[in-house]
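Residue numbers (the working numbering): 45 to 173.
Here it is as structure tokens:
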């Protein structure tokens with residue numbers, strides 16, 4: 045059940061992320077090729093037609109296009125309270141991995157005592173003179 049839900053989420057998310065990537069690349073190309081330094085009444089920069097176009101499009105991009113793009117991308121993000129789900133997931137993870145972790149620790153303890161028994165006397169410390 046969880047695997048199927050994750051697969052559905054992944055498939056919906058990958059299509060959505062691909063669409064946003066394509067739109068972002070298109071927007072970058074348009075910005076580089078069509079827009080310029082925005083016109084400003086405070087200096088002499090931005091005095092060609094691209095600058096005026098950029099000046100007038102800036103609010104549309106800033107308040108409509110970019111928020112719509114990110115809302116589209118993050119539409120599947122979890123929102124709201126998740127209740128007891130995080131605690132349930134943690135308990136299931138601990139139960140699933142406890143035996144495996146204990147076996148790994150026991151194996152490491154066994155290796156440590158076997159290594160100590162195989163040593164023929166104390167080794168010199170790298171700190172000693």
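Just so it is clear, CB atoms sit at the ideal spot from N, CA and C, and this is done for glycine as well.
- Distances from the CA of residue 118 to each of 51, 60, 54 and 48 were compared; the closest alpha carbon is that of 60.
- Here residue 153 carries a helix assignment [DSSP, helix/strand/coil].
- Between residue 95 and residue 80, the gap from beta carbon to beta carbon is short of 8 Å.
- With a cutoff of 8 Å on beta-carbon distance, residue 111 and residue 99 are scored as not near each other.
- Per the coordinates, the alpha-carbon of residue 129 lies some 14 Å from the alpha-carbon of residue 138.
- 8 Å or more divides the Cβ of residue 106 from the Cβ of residue 67.
- At the C-beta level, residue 149 and residue 64 stay beyond 8 Å of one another.
- Distance check between residue 76 and each of 86, 89, 57 and 97 places 97 closest, using alpha-carbon atoms only.
- Scanning 155, 46 and 102 for the CA closest to the CA of residue 71 turns up 102.
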